[in-house]
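J.:
Number of protein chains: 4
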Amino acid sequence: MSWNTFGRVLRFTTWGESHGPALGAVVDGCPPGLRLSEADIQPFLDARKPGTSRFTTQRREADEVRILSGTFEGQTTGTPISLMIENTDQRSKDYGEVAKAYRPGHADYAYDAKYGLRDYRGGGRSSARETAARVAAGAVARLVIPEVTITAWVSAIGGDAVDPANFDAAEIGRNPFFCPDPVAAARWEGLVDAARKDGSSLGALVECVATGVPAGWGAPLYAKLDADLAAGMMGINAVKGVEIGEGMAAAALRGEDNADPMRPGVDGVEFTANHAGGIAGGIATGQPVVVRVAFKPTSSILIPQDTITRDGEATQLATKGRHDPCVGIRGVPVVEAMMALVLADHKLLHRAQMG
Amino acid sequence: MSWNTFGRVLRFTTWGESHGPALGAVVDGCPPGLRLSEADIQPFLDARKPGTSRFTTQRREADEVRILSGTFEGQTTGTPISLMIENTDQRSKDYGEVAKAYRPGHADYAYDAKYGLRDYRGGGRSSARETAARVAAGAVARLVIPEVTITAWVSAIGGDAVDPANFDAAEIGRNPFFCPDPVAAARWEGLVDAARKDGSSLGALVECVATGVPAGWGAPLYAKLDADLAAGMMGINAVKGVEIGEGMAAAALRGEDNADPMRPGVDGVEFTANHAGGIAGGIATGQPVVVRVAFKPTSSILIPQDTITRDGEATQLATKGRHDPCVGIRGVPVVEAMMALVLADHKLLHRAQMG
Amino acid sequence: MSWNTFGRVLRFTTWGESHGPALGAVVDGCPPGLRLSEADIQPFLDARKPGTSRFTTQRREADEVRILSGTFEGQTTGTPISLMIENTDQRSKDYGEVAKAYRPGHADYAYDAKYGLRDYRGGGRSSARETAARVAAGAVARLVIPEVTITAWVSAIGGDAVDPANFDAAEIGRNPFFCPDPVAAARWEGLVDAARKDGSSLGALVECVATGVPAGWGAPLYAKLDADLAAGMMGINAVKGVEIGEGMAAAALRGEDNADPMRPGVDGVEFTANHAGGIAGGIATGQPVVVRVAFKPTSSILIPQDTITRDGEATQLATKGRHDPCVGIRGVPVVEAMMALVLADHKLLHRAQMG
Amino acid sequence: MSWNTFGRVLRFTTWGESHGPALGAVVDGCPPGLRLSEADIQPFLDARKPGTSRFTTQRREADEVRILSGTFEGQTTGTPISLMIENTDQRSKDYGEVAKAYRPGHADYAYDAKYGLRDYRGGGRSSARETAARVAAGAVARLVIPEVTITAWVSAIGGDAVDPANFDAAEIGRNPFFCPDPVAAARWEGLVDAARKDGSSLGALVECVATGVPAGWGAPLYAKLDADLAAGMMGINAVKGVEIGEGMAAAALRGEDNADPMRPGVDGVEFTANHAGGIAGGIATGQPVVVRVAFKPTSSILIPQDTITRDGEATQLATKGRHDPCVGIRGVPVVEAMMALVLADHKLLHRAQMG
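Residue numbers (our numbering), protein chains in the order written: chain A, 3 to 357; chain B, 3 to 357; chain C, 3 to 357; chain D, 3 to 357.
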């Protein structure tokens, strides 16, 4: 079932295909009185924008957002905010091959199995282009949670990880990889270039930290803060794993090594560790919320792969179109956006119940 | 915000605390005409039941389920199915210490930060006892998807993994660890015993595979099958990470190593790999759906830890009550239940849109 | 699709059949720290209870509610509140006739057309007995909105209306009809007795007023306060019409006769009329919220009616069982409960967005 | 709380203000493979369009709809359908008076009480202009339920009702009132002209009948077909009452007069009456679904009314702008659209549970 709305009280709905006239998001439930103009959204879209370096797809989109509703005299009114981004670089090409055969690793086969037809141009609705709409919605969500600071970065590409000792948040914006470690960033140039030249692609890890989240946001069950983050992150194209705090590694720990002891602190409590990633029992503890997300390597590669046609015949397919050699890189602004959207929703949920 | 309902059209709502009179689930949206009695649910509760070996908590609960509504003459009627399990072993003990101080790693502090008060007896609503209600609901969900077979097992405890070469599904039910590898099961006896004697605890990995899921269930965005599985699994107590298919490891792969090539097969298509874990673009491919979940080590340990009292004073706390030395073990039936609940929901969602 | 949950953030889910072992409601999203015990709920159930006069069904139910979760030391904890009422007077009778033929005016035929099977004992899930669960849930909702006073009454039975000049709120609890006009109450004794002796039944109008609702609760569209009230009221068994303020009569008015002029008042504004029934553009104006609801005459009558059997044969059916001669009378506590549930939900929704 | 999404599985979300650049709807959950182009939607928008006679507002809008997503090669793909209508006639006028004082009967005061600010230009989000988005969404919903025929008409204006003996469905499209009785239509010309010349306005009744709804759509409780219709209709601007079948009049009937007897018929059953309006116990009976809706007289009138300014000062206000003398007239396509949207949603819900 198509279900393009996310959130419980601060909800957003996205629409649009890779090669349709436009795509967009409707953000509903936003508090009134927040200053909002296109200038508050554009920088986040620019960060995600394709075609800005040789390490991302060469599709060129201005990704200019227009606010079509929900503001008045520069402020949100509390009514739905409609955001639209026109598609401008829908290169006319021959989609015959993709129309007839299924690209392995893509949604093509599953999509046809479900719907019986599909918009095969650039992946249609399954294209990562949809994430532009989420990034726009996320920019609105950030305004709802001024107390929170969200920072994401690529922490590994193709298994080559940043060195925590080199971590410098200021570096993230200085290289085309959202890499906080200048040494790793230098290595990744060669790594990604090589993969691109091989016609291959690389997976990546993205880490995201939110500071300033007050203790108490979240819920004990089902609408747990971590469960909603997991849903939000796993809902991003190409994501195959989500971790909170220690994540999968927690499974190898003993209780005393995973404990987050507390002692009296400035704001009443100080934690001396954060294995939990800022969430206990689904509720924020006041520590930084830490999420890690695994992006698989882009499925579109030039190396031919076995597949079948829509008629069930064996064939081979190499994806020649423009694509990201490492889709995780441009995932960074999307992960930040989903973090903002989930946290903003939980802020409103919290005050619904708690006043 | 308390939010104890999960699912989109096949929905369940759970209620109950560790030390209240009872706990339960209401399953709504179930198709009519399915044969259902307590005997269809009890075996799954028995598998999760505490007190069956020295490797789980010594709390003894019969965990007998009663169906209070939604069936007539042994069949579901299409109306809500109310399931109730009475708590019988609410040992009267002195909760003074837990009432006054926060157990590190537990929801205690976050809970108080949110609600300002909490039922501290046995963790209250945050107790893993709630998962009995999900297991009961999951047993109903299984009846909705007879075409699907779900199997979960513990694949590692405290970092000690099963050997895939030894995998034997028949072994899972033969040892107290839900372990498919008899050699590992033997090792784990010592491992868990040692942790228990140390007053410590161990994390665990649980893997779950669903076969028979038809290509097409799921959705391209937000209500993606993988996103809903991630939400469901991360919503289980003590879970800190969720992986689909290659999971976090996908981040270290190259495109050609992560590809799932296709060739003509018996049912039209045969995949020659399943890195995707049976889900592409949020939609089932028809391959086995593969999910891995990380359980942190039980936070309740006998080793004293630094913490604070409700009044903000420094103190130390050792959790002396009954507890599971490895909460992941009894997570196996819960993971299976969540898999069943998510798949059943998506089966109904699929036919809502597709007829 | 069975859908037994109502509300957006303060949600309740009901379950149970007329002749099952019990029925109940789970109330989720309730703020913590409210004093709640069975004694806060029982009076509302007693008001709705059958068998208290000859003008209601002779089924005798204690309708004793038990709180199974969500409270601790007499206060709500913010977790789901499970309420259960056992059925005690499930008179064993021969349901053969009702099992085989459809009672006109009842859900029997539609139910079979949908589900293919039904629990025909006392109407099963379609029985007005379910409203006990709502009344219990409504009692919890009242605690969420202490600023609001809700009063409902029967304003007409079988077309015989109360005289507004005789209106005395204190009278409502003094007669078996929830009638605010003692003169009308006296007339209704004869009216309802006559209908009962004829084996017939009567329709009724119920009016409900909520005072103290602050201006601002509600929403401009879809989740309008009036739209949610309409859904809640039309969802009560036997209700066929819902009016806000002037209601259907507004269609016959001119603009100046329907206007609600304003002038400066004690709290900033004073309205000099309330044709709107306290809701403008879906949002509360601060005036009393006024809803009127039409209950059809009980469909169960002793007068034989043409119908068909499950096999499609012509037959006649007279409903001999216990039933209310005027189901609208006992609808009064149910209407009040739905008013409380909708308003409490909107109070929480309002502060989610507005802080 | 702003909540601009309606529906359970076939959901639509609307956005836009009276004087913003555009308004629109996103329809989600639509089955794939339906032929859909702008030409399928435009006729319904044209029927609702302002400025087509002297009996509606003189605002002139082309109301041209564009489909921005969700179709491919003229067919729905199963992904969200984004519909946009640009506002073209946003007459620049002086809104100073309306900005400073509250129009009685409008949402102005309540809106300010809720949000603290409002887009006062033409009513902003509260403008009936929003209904264009619903009419567009409704046109899509109609494609989902080809088995159903929906017809609505104005059955009374200002208390002057059509004569059932004159009912001719073919007349509905032949006069500017959607009136099925040519004699009444002739009378209404004078009636509405007089009100307009007086600077006044008139209320109206709209009746809507859906035939072809199969027995079984709907649900026994909460998501009852009638409850969802009530929510949908009461959510339309200016609606103050909703009736199903006998509606409010049912309250004055005796059981035998309200009965809908059955006898064997062509499709198994034939009802000899339809007091229930095609819905019993929340589920369709297979008879025509009959809904009646009361529209209040347009609140914008030229006759000055007492009101207050935003600063709480007494003043008088006469609404001089363009407005409909009888907003109920253009409500006809909106009522039809809501009927289509609710029925289409319930068709999908029914098959979710029933297969």
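Just so it is clear, CB atoms sit at the ideal spot from N, CA and C, and this is done for glycine as well.
I want to verify the contact list: residues of chain B whose CB lies under 8 Å from the CB of D:G357, in sequence order.
T.: Within the fourth sequence, numbered from 1, the residue matching residue 357 of chain D stands at position 355. Near D:G357 (Cβ distances below 8 Å), the residues of chain B are P33, R353.
J.: So C:E75 is in the beta strand (DSSP E); what residue range does that whole segment cover?
T.: Residue 75 of chain C sits at position 73 when you count from the first residue of the third sequence. Segment: none, C:E75 is in no beta strand (DSSP E) and carries neither H nor E.
J.: So D:Q44 is in the alpha helix (DSSP H); what residue range does that whole segment cover?
T.: Counting from 1 along the fourth sequence, the entry for residue 44 of chain D is found at position 42. Unbroken alpha helix (DSSP H) run through D:Q44: 40-50.
J.: Rounded to the nearest angstrom, how far is the Cβ of B:E88 from that of B:P45, given a contact under 8 Å?
T.: Numbered from 1 along the second sequence, position 86 holds the residue referred to as residue 88 of chain B. Numbered from 1 along the second sequence, position 43 holds the residue referred to as residue 45 of chain B. About 18 Å separates the two Cβ atoms, so there is no contact after all.
J.: Measure the alpha-carbon distance for B:G288 versus B:L351 and round it to whole angstroms.
T.: Counting from one through the second sequence, the residue named residue 288 of chain B turns up at place 286. Counting from one through the second sequence, the residue named residue 351 of chain B turns up at place 349. Roughly 17 Å between the two C-alpha positions.
J.: According to DSSP, simplified to helix, strand and coil, what is B:I147?
T.: In the second sequence, the residue the question calls residue 147 of chain B occupies position 145. Correct three-state label for B:I147: coil.
J.: Can you pull out the residues from the stretch 202-218 of chain A whose beta carbon lies closer than 7 Å to at least one beta carbon of chain B?
T.: Flagged, chain order: S202, S203, L204, G205, A206, L207, A217, G218.
J.: In whole angstroms, give me the CA-to-CA distance for C:A212 and B:G220.
T.: In the third sequence, the residue the question calls residue 212 of chain C occupies position 210. In the second sequence, the residue the question calls residue 220 of chain B occupies position 218. Distance between the alpha carbons of C:A212 and B:G220 is about 44 Å.
J.: Taking just the CA atoms, how far does D:T16 sit from D:T59?
T.: One-based indexing of the fourth sequence puts residue 59 of chain D at position 57. One-based indexing of the fourth sequence puts residue 16 of chain D at position 14. Rounded to whole angstroms, D:T59 to D:T16 spans 22 Å at the Cα level.
J.: If we cut at 8 Å on Cβ distances, does B:Q307 have a partner in chain A?
T.: Stepping through the second sequence from its first residue, residue 307 of chain B is reached at position 305. Cβ-Cβ to chain A under 8 Å: yes for B:Q307.
J.: Counting pairs of Cβ atoms below 8 Å between the stretch 268-282 of chain B and the stretch 190-208 of chain B, do you hit three or more?
T.: Contact fails: fewer than three Cβ-Cβ distances are below 8 Å.
J.: When you compare the CB of B:V142 with every CB in chain C, is at least one pair closer than 8 Å?
T.: Position 140 of the second sequence, counted from the first residue, corresponds to residue 142 of chain B. So, not an interface residue.
J.: Which same chain residues, not among the five before or five after B:I43, have their C-beta less than 6 Å away from its C-beta?
T.: To locate residue 43 of chain B, count along the second sequence from 1; it is residue 41. Counting only Cβ-Cβ distances below 6 Å, and skipping sequence neighbours, we find V67, A138, A141.
J.: By the criterion of Cβ-Cβ separation under 7 Å, what are the contact partners of A:Q77 in chain D?
T.: In the first sequence, counting from the first residue as 1, residue 77 of chain A sits at position 75. Within 7 Å Cβ-Cβ: L119.
J.: For the structure I just gave you, are there three or more beta carbon pairs, one from the stretch 300-317 of chain B and one from the stretch 317-327 of chain A, closer than 8 Å?
T.: Not touching, per the Cβ criterion.
J.: Which residues share a DSSP beta bridge with C:G26?
T.: For the purposes of this step, residue 26 of chain C is taken as residue 24 along the third sequence, with counting starting at 1. C:G26 is bridged to C:W17, C:M86.
J.: Let me check understanding here. Comparing Cα to Cα, which of A:V28, A:A278, A:F74 lies closest to D:H21?
T.: For the purposes of this step, residue 21 of chain D is taken as the residue at position 19 of the fourth sequence. The candidate whose alpha carbon is nearest that of D:H21 is A:F74.
J.: Which word fits A:D55, buried or exposed, when buried means at least 16 other C-beta atoms lie within 10 angstroms of its C-beta?
T.: The residue you call residue 55 of chain A lines up with position 53 of the first sequence. Before going on, a small fix: residue 55 of chain A reads as Ser here, not Asp. Label assigned to A:S55: exposed.
J.: Only counting the same chain, and skipping five residues up and downstream in sequence, which positions put a Cβ closer than 7 Å to that of C:I331?
T.: By one-based count along the third sequence, residue 331 of chain C stands at place 329. Counting only Cβ-Cβ distances below 7 Å, and skipping sequence neighbours, we find F57, T58, V156, F179, F180, A206.
J.: Considering only their Cβ atoms, is the gap separating B:T300 from B:S203 smaller than 8 Å?
T.: Position 201 of the second sequence, counted from the start, is the residue given in the question as residue 203 of chain B. Position 298 of the second sequence, counted from the start, is the residue given in the question as residue 300 of chain B. Yes. Within cutoff.
J.: Can you tell me whether B:T321 is buried or exposed, with buried defined as 16 or more other CB within 10 angstroms of its CB?
T.: Here residue 321 of chain B refers to the residue found at position 319 when the second sequence is read from its first residue. It is buried - the Cβ of B:T321 has at least 16 other Cβ atoms within 10 Å.
J.: Determine the closest residue to A:V100 out of A:S84, A:P82, A:G124, with distance taken between C-alpha atoms.
T.: Here residue 100 of chain A corresponds to residue number 98 of the first sequence, with the count starting at 1. Nearest C-alpha to A:V100: A:G124.
J.: Pairing CB atoms from the stretch 247-258 of chain B with CB atoms from the stretch 155-169 of chain A, are three or more of them under 8 Å?
T.: These segments touch.
J.: In the DSSP assignment, what residue or residues form a beta bridge with A:A163?
T.: By one-based count along the first sequence, residue 163 of chain A stands at place 161. DSSP output for A:A163 lists A:A158 as bridge partner(s).
J.: Secondary structure at B:Q289, three-state DSSP: helix, strand or coil?
T.: Position 287 of the second sequence, counted from the first residue, corresponds to residue 289 of chain B. Coil, per DSSP.
J.: Going along the chain, which unbroken runs of the beta strand (DSSP E) with 3 or more residues stay wholly within the stretch 202-241 of chain B?
T.: For the stretch 202-241 of chain B, whole beta strand (DSSP E) runs of length 3 or above, ordered along the chain, are 206-213.
J.: Is the distance from the Cβ of D:V373 to the Cβ of D:V295 below 8 Å?
T.: No statement about residue 373 of chain D is possible, as the shown extent of chain D runs from 3 to 357 and does not include it.
J.: In whole angstroms, give me the CA-to-CA distance for C:L227 and D:L70.
T.: Numbered from its first residue, the third sequence carries residue 227 of chain C at position 225. Numbered from its first residue, the fourth sequence carries residue 70 of chain D at position 68. Taking the straight line from one Cα to the other gives about 32 Å.
J.: Can you check whether the CB of C:A64 is closer than 8 Å to the CB of C:T90?
T.: Taking the third sequence and counting its residues from 1, one reaches residue 90 of chain C at position 88. Taking the third sequence and counting its residues from 1, one reaches residue 64 of chain C at position 62. Result yes, Cβ atoms of C:T90 and C:A64 sit closer than 8 Å.
J.: Give me the Cα-Cα distance between A:V336 and D:R353, rounded to the nearest whole angstrom.
T.: The residue labelled residue 336 of chain A in the question sits at position 334 within the first sequence. The residue labelled residue 353 of chain D in the question sits at position 351 within the fourth sequence. Distance between the alpha carbons of A:V336 and D:R353: 35 Å.
J.: Terminal residues of the continuous beta strand (DSSP E) containing B:D308?
T.: Translated into the one-based positions of the second sequence, residue 308 of chain B becomes position 306. Start and end: 307-310.
J.: Whole angstroms are fine: how far does the CA of C:A282 sit from the CA of A:Q92?
T.: Here residue 92 of chain A refers to the residue found at position 90 when the first sequence is read from its first residue. Here residue 282 of chain C refers to the residue found at position 280 when the third sequence is read from its first residue. Roughly 46 Å separates the two Cα atoms.
J.: According to DSSP, A:A296 sits in a beta bridge with which residue or residues?
T.: Locating residue 296 of chain A in the first sequence gives position 294, where the first residue counts as 1. Bridge partners of A:A296: A:L207, A:G243.
J.: Can you give me the start and stop residues for the beta strand (DSSP E) that B:V67 sits inside?
T.: By 1-based counting over the second sequence, the position of residue 67 of chain B is 65. 67-69 is the extent of the beta strand (DSSP E) around B:V67.
J.: With 16 as the cutoff for other CB atoms within 10 Å, does D:Q355 come out buried or exposed?
T.: What you label residue 355 of chain D is simply residue 353 of the fourth sequence in a count that begins at 1. So D:Q355 ends up on the buried side.
J.: Report back the beta-carbon spacing between A:H277 and A:G243 to the nearest angstrom; my notes put them in contact at under 8 Å.
T.: Counted from its first residue, the first sequence places residue 277 of chain A at position 275. Counted from its first residue, the first sequence places residue 243 of chain A at position 241. Actually they do not touch by this definition, with Cβ atoms about 18 Å apart.
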